[in-house]
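4 protein chains.
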Amino acid sequence: MTSPKTEYRLPFVTEMEIRFGDADAIGHVNNVAFFRFLEQGRVHFMKAGKGNLSGSGIRDFPYVVAHSELDFVAPLAYDDIVVITMGIGRIGGSSFVFDYELFSKRSGVMAAKGNVVMVCFDHDNNRSMPIPEEFRSTLKEYLTDPV
Amino acid sequence: MTSPKTEYRLPFVTEMEIRFGDADAIGHVNNVAFFRFLEQGRVHFMKAGKGNLSGSGIRDFPYVVAHSELDFVAPLAYDDIVVITMGIGRIGGSSFVFDYELFSKRSGVMAAKGNVVMVCFDHDNNRSMPIPEEFRSTLKEYLTDPV
Amino acid sequence: MTSPKTEYRLPFVTEMEIRFGDADAIGHVNNVAFFRFLEQGRVHFMKAGKGNLSGSGIRDFPYVVAHSELDFVAPLAYDDIVVITMGIGRIGGSSFVFDYELFSKRSGVMAAKGNVVMVCFDHDNNRSMPIPEEFRSTLKEYLTDPV
Amino acid sequence: MTSPKTEYRLPFVTEMEIRFGDADAIGHVNNVAFFRFLEQGRVHFMKAGKGNLSGSGIRDFPYVVAHSELDFVAPLAYDDIVVITMGIGRIGGSSFVFDYELFSKRSGVMAAKGNVVMVCFDHDNNRSMPIPEEFRSTLKEYLTDPV
Numbered sequence: 001m002t003s004p005k006t007e008y009r010l011p012f013v014t015e016m017e018i019r020f021g022d023a024d025a026i027g028h029v030n031n032v033a034f035f036r037f038l039e040q041g042r043v044h045f046m047k048a049g050k051g052n053l054s055g056s057g058i059r060d061f062p063y064v065v066a067h068s069e070l071d072f073v074a075p076l077a078y079d080d081i082v083v084i085t086m087g088i089g090r091i092g093g094s095s096f097v098f099d100y101e102l103f104s105k106r107s108g109v110m111a112a113k114g115n116v117v118m119v120c121f122d123h124d125n126n127r128s129m130p131i132p133e134e135f136r137s138t139l140k141e142y143l144t145d146p147v
Numbered sequence: 148m149t150s151p152k153t154e155y156r157l158p159f160v161t162e163m164e165i166r167f168g169d170a171d172a173i174g175h176v177n178n179v180a181f182f183r184f185l186e187q188g189r190v191h192f193m194k195a196g197k198g199n200l201s202g203s204g205i206r207d208f209p210y211v212v213a214h215s216e217l218d219f220v221a222p223l224a225y226d227d228i229v230v231i232t233m234g235i236g237r238i239g240g241s242s243f244v245f246d247y248e249l250f251s252k253r254s255g256v257m258a259a260k261g262n263v264v265m266v267c268f269d270h271d272n273n274r275s276m277p278i279p280e281e282f283r284s285t286l287k288e289y290l291t292d293p294v
Numbered sequence: 295m296t297s298p299k300t301e302y303r304l305p306f307v308t309e310m311e312i313r314f315g316d317a318d319a320i321g322h323v324n325n326v327a328f329f330r331f332l333e334q335g336r337v338h339f340m341k342a343g344k345g346n347l348s349g350s351g352i353r354d355f356p357y358v359v360a361h362s363e364l365d366f367v368a369p370l371a372y373d374d375i376v377v378i379t380m381g382i383g384r385i386g387g388s389s390f391v392f393d394y395e396l397f398s399k400r401s402g403v404m405a406a407k408g409n410v411v412m413v414c415f416d417h418d419n420n421r422s423m424p425i426p427e428e429f430r431s432t433l434k435e436y437l438t439d440p441v
Numbered sequence: 442m443t444s445p446k447t448e449y450r451l452p453f454v455t456e457m458e459i460r461f462g463d464a465d466a467i468g469h470v471n472n473v474a475f476f477r478f479l480e481q482g483r484v485h486f487m488k489a490g491k492g493n494l495s496g497s498g499i500r501d502f503p504y505v506v507a508h509s510e511l512d513f514v515a516p517l518a519y520d521d522i523v524v525i526t527m528g529i530g531r532i533g534g535s536s537f538v539f540d541y542e543l544f545s546k547r548s549g550v551m552a553a554k555g556n557v558v559m560v561c562f563d564h565d566n567n568r569s570m571p572i573p574e575e576f577r578s579t580l581k582e583y584l585t586d587p588v
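Protein chains in written order, with the working numbering: chain B, 1 to 147; chain S, 148 to 294; chain Z, 295 to 441; chain X, 442 to 588.
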């Protein structure tokens, strides 16, 4: 077994338990579940970064997903832990990009990599809005280093 | 806020992260997700109790669910942690019962209680089988105290 | 192969496609997915019965699940269609019971049976409320025949 | 209301019911559920195209997902039907590409578009394999017209 990885390229690192229910009939974690991991990684990031996410209120989540993509590199088992590493790849006026690299905690092997484009969104008025300044500062702290 | 509960009636206690994706359009954790929590609690129990669950092999999970029920007592928020407490309510020849009480970690409030009847199952021959003796011993260590 | 069943004990009959994602690593439809079928059966019932469910508004779904239980009788394959049959088992002041029997469309075999207790709920004031009269009339049309 | 669309750019057209459980706490179909729609669209395609998918056997699904991406164009409601349109964007030696455009059946509006790269995979020997000739012929019938 490869020894677990302790250094990651992307600056925000979080972990989550894989569930038995994330696997499919092939026996590995289903490709759709990986996108659930991305989403939950964002919840961790928002909580850590105070992204206007005050808790259980729906309106406190002023973001929508505009684009999402992943390369699937290696399978994950349902009884492993996924290490979700994230960085901010680009910051625009109302949109920003999360870069992602996901790893098996057990083996240290990369399982998937990709990115998600988020747009700040005013749910009440149903339109995009500029990134709030305080959140923009948070995003800048997590910029992905150029390769 | 109620102070978090530190003592539980049922002897096996484990925790898991609730995911944003466990909530539904009403804004609370969906009733179906609670049954996912029960399943993942069983994975924790099997890992802790060495229930012939050697890892990723499908045949190493020689159990099927025969019955499952829950009373929903109080809602859970998606950004809470669910405390899953479990005990063994009955041990038969090939079947046994998991008692469950689920709590909000944040508030200590009970969210749901119920039970699941499991049957030891020989997937290769497609029939029930007696509880393996070693596993029976494990089950006995976690018997639910009478109320 | 048993010929498909054309008569059912419970008066409301609906169907839904099983998804590949409803199966788990054992290769059958996961027990948790069955509770998803119950929920979607209720959506079909509400749409057919005009249960104050006007469409996409969350407040138009004035019900919560108080109890849910299933006996798992036979496995379902992910490429089958599930026939969800439902009846109203009891009507109280603010609560009522859905009886359920689920079948494989392909084989006609019963896959699961159980019931769900619903409570009419005023989400705005966070408390139960009496069953609206118009909906009570609808429920009466679907009473389960005594066995 | 826009009248439903009856012509689509991509040659394979299928539909599926959106479930209440596909929505999230924001009230729309969750972005992760869209990738579930892509997967189920592939199941429909494989069944229609005889893609070596003989039914419930896991080994009969000799494909893995190598890449998946979507642009999210407009929200979907949980009580709508999603029209999944698909074409084959590229056929290589062992890989091929599904192009996707997803629509709301109710409004005819495009909800998402993207593509998924599949690799033919020999699960028994854990390696990619050439596209079987019979399946290659099927794929050619569904090539995406150039824009």
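No residue lacks a Cβ here, since even glycine has one placed at the ideal position from N, Cα and C. Because the structure is a prediction, the values reported are computed rather than measured.
(request) Rounded to whole angstroms, what's the CA-CA distance from residue 375 of chain Z to residue 397 of chain Z? Just pull it up for me. (result) Start at 1 with the first residue of the third sequence, and residue 375 of chain Z comes out as number 81. Start at 1 with the first residue of the third sequence, and residue 397 of chain Z comes out as number 103. Residue 375 of chain Z and residue 397 of chain Z: Cα-Cα distance of roughly 9 angstroms.
(request) Determine the DSSP secondary structure at residue 488 of chain X, reduced to helix, strand or coil. (result) Taking the fourth sequence and counting its residues from 1, one reaches residue 488 of chain X at position 47. Residue state, collapsed to three classes: helix.
(request) For the stretch 77 to 91 of chain B and the stretch 5 to 24 of chain B, state whether three or more C-beta atom pairs, one from each stretch, are separated by less than 8 angstroms. (result) yes
(request) Put residue 567 of chain X into one of helix, strand or coil per three-state DSSP. (result) Translated into the one-based positions of the fourth sequence, residue 567 of chain X becomes position 126. Coil.
(message) Rounding to the nearest angstrom, what Cα-Cα distance links residue 211 of chain S and residue 285 of chain S in this structure?
(response) As a working mapping, residue 211 of chain S is identified with position 64 in the second sequence. As a working mapping, residue 285 of chain S is identified with position 138 in the second sequence. Going from the Cα of residue 211 of chain S to the Cα of residue 285 of chain S covers about 18 angstroms.
(request) With a cut-off of 8 angstroms on the beta carbons, I'd call residue 466 of chain X and residue 172 of chain S a contact; round off their distance for me. (result) Position 25 of the fourth sequence holds residue 466 of chain X. Position 25 of the second sequence holds residue 172 of chain S. With a Cβ gap of about 7 angstroms, residue 466 of chain X and residue 172 of chain S count as contacting.
(message) Give me, in chain order, the residues of the same chain whose beta-carbon lies closer than 6 angstroms to that of residue 232 of chain S; leave out the 5 immediate sequence neighbours on both sides.
(response) The sequence position of residue 232 of chain S within the second sequence is 85, counting from 1. So the qualifying residues of the chain are 155, 157, 160, 248.
(message) Please confirm whether residue 171 of chain S has its beta-carbon closer than 9 angstroms to some beta-carbon of chain X.
(response) As a working note, residue 171 of chain S is residue 24 in the second sequence. Closer than 9 angstroms: yes.
(message) Can you tell me which residues form a DSSP beta bridge with residue 105 of chain B?
(response) Residue 105 of chain B sits at position 105 when you count from the first residue of the first sequence. The partner list for residue 105 of chain B (beta bridge, DSSP) is empty, contrary to what the question assumes.
(request) Measure from the C-beta of residue 338 of chain Z to each C-beta in chain S and report whether the shortest distance is under 9 angstroms. (result) Within the third sequence, the letter at position 44 stands for residue 338 of chain Z. Cβ-Cβ to chain S under 9 angstroms: no for residue 338 of chain Z.
(message) Counting only Cβ pairs nearer than 7 angstroms, list the residues of chain B close to residue 506 of chain X.
(response) Start at 1 with the first residue of the fourth sequence, and residue 506 of chain X comes out as number 65. Going along chain B in sequence order, the residues near residue 506 of chain X (Cβ under 7 angstroms) are 31, 72.
(request) Could you work out which residue in X:473, X:503, X:472, X:471 is closest to residue 571 of chain X when comparing CA atoms only? (result) If you number the fourth sequence from 1, residue 571 of chain X lands on position 130. Residue X:503 is the option with its Cα nearest to residue 571 of chain X.
(request) Count the other CB atoms, across all protein chains shown, that sit within 10 Å of the CB of residue 434 of chain Z; report buried if there are 16 or more and exposed otherwise. (result) Reading the third sequence from its first residue, position 140 is the one you call residue 434 of chain Z. So residue 434 of chain Z ends up on the exposed side.
(request) Measure from the alpha carbon of residue 216 of chain S to the alpha carbon of each residue in S:255, S:183, S:279, S:292, then state which is nearest. (result) The sequence position of residue 216 of chain S within the second sequence is 69, counting from 1. The option with the nearest alpha carbon to residue 216 of chain S is S:183.
(message) Any beta carbon of chain S sitting closer than 9 angstroms to that of residue 468 of chain X?
(response) Reading the fourth sequence from its first residue, position 27 is the one you call residue 468 of chain X. Yes, residue 468 of chain X lies at the interface with chain S (some Cβ there is under 9 angstroms from its Cβ).
(request) Name the residue from X:560, X:549, X:547 whose alpha carbon lies nearest to the alpha carbon of residue 531 of chain X. (result) As a position in the fourth sequence, residue 531 of chain X is number 90, starting the count at 1. Taking only the C-alpha atoms, the option nearest residue 531 of chain X is X:560.
(message) Quick check: what's the CA-CA separation for residue 125 of chain B versus residue 569 of chain X?
(response) Sequence index remark: in the first sequence, residue 125 of chain B carries index 125 (1-based). Sequence index remark: in the fourth sequence, residue 569 of chain X carries index 128 (1-based). Whole-angstrom Cα-Cα distance: 49 angstroms.
(message) What residue range does the alpha helix (DSSP H) around residue 216 of chain S cover?
(response) Translated into the one-based positions of the second sequence, residue 216 of chain S becomes position 69. Where residue 216 of chain S is concerned, there is no enclosing alpha helix (DSSP H), although the beta strand (DSSP E) it sits in stretches over 210 to 219.
(message) Checking 9 angstroms against the spacing of the C-beta atoms, do residue 32 of chain B and residue 473 of chain X come in under that value?
(response) As a first step, residue 32 of chain B is located in the first sequence; it is residue number 32 there, counting from the start. As a first step, residue 473 of chain X is located in the fourth sequence; it is residue number 32 there, counting from the start. In this structure, residue 473 of chain X lies closer than 9 angstroms to residue 32 of chain B by Cβ.
(message) Within 9 angstroms of any Cβ in chain S, is that where the Cβ of residue 461 of chain X sits?
(response) Position 20 of the fourth sequence, counted from the start, is the residue given in the question as residue 461 of chain X. Interface residue, yes.
(request) Could you give the DSSP three-state label for residue 30 of chain B: helix, strand or coil? (result) Within the first sequence, numbered from 1, the residue matching residue 30 of chain B stands at position 30. Residue 30 of chain B falls in the coil class under three-state DSSP.
(request) Find the nearest neighbour of residue 106 of chain B within the set B:38, B:45, B:74, judged by alpha-carbon distance. (result) Translated into the one-based positions of the first sequence, residue 106 of chain B becomes position 106. The shortest Cα separation from residue 106 of chain B among B:38, B:45, B:74 belongs to B:74.
(request) Take residue 176 of chain S as the anchor and find which of S:187, S:245, S:262, S:258 has the nearest alpha-carbon. (result) Here the question's residue 176 of chain S lines up with position 29 in the second sequence. Minimum Cα distance to residue 176 of chain S is reached at S:258.
(request) Could you pull the start and end residues of the beta strand (DSSP E) that residue 384 of chain Z belongs to? (result) Counted from its first residue, the third sequence places residue 384 of chain Z at position 90. Counting along the chain, the beta strand (DSSP E) containing residue 384 of chain Z begins and ends at 375 to 385.
(request) Find out if the Cβ-Cβ distance for the pair residue 261 of chain S, residue 218 of chain S is shorter than 9 angstroms. (result) In the second sequence, counting from the first residue as 1, residue 261 of chain S sits at position 114. In the second sequence, counting from the first residue as 1, residue 218 of chain S sits at position 71. Yes, these two residues count as a Cβ contact at 9 angstroms.
(message) Strictly below 7 angstroms CB to CB, what residues from chain X border residue 310 of chain Z?
(response) By 1-based counting over the third sequence, the position of residue 310 of chain Z is 16. The answer, in chain order, is 458.
(request) Could you say which of S:234, S:255, S:256, S:282 lies nearest to residue 241 of chain S if we only look at CA atoms? (result) Within the second sequence, the letter at position 94 stands for residue 241 of chain S. The candidate whose alpha carbon is nearest that of residue 241 of chain S is S:282.
(request) Look up residue 95 of chain B in the DSSP assignment and say whether it is helix, strand or coil. (result) What you label residue 95 of chain B is simply residue 95 of the first sequence in a count that begins at 1. In this structure, residue 95 of chain B counts as strand in the three-state DSSP scheme.
(request) Examine chain Z for any beta-carbon lying closer than 9 angstroms to the beta-carbon of residue 254 of chain S, and answer yes or no. (result) Counting from one through the second sequence, the residue named residue 254 of chain S turns up at place 107. By this cut-off, residue 254 of chain S is not an interface position.
(request) Return the residue from the list X:539, X:573, X:507, X:508 that minimises the CA-CA distance to residue 485 of chain X. (result) Taking the fourth sequence and counting its residues from 1, the one referred to as residue 485 of chain X is at position 44. The shortest C-alpha separation from residue 485 of chain X is found at X:539.
(request) Determine, using beta carbons only, whether residue 79 of chain B comes closer than 9 angstroms to chain S. (result) Walking along the first sequence from the start, residue 79 of chain B turns up at place 79. Yes, because at least one Cβ of chain S sits closer than 9 angstroms to the Cβ of residue 79 of chain B.
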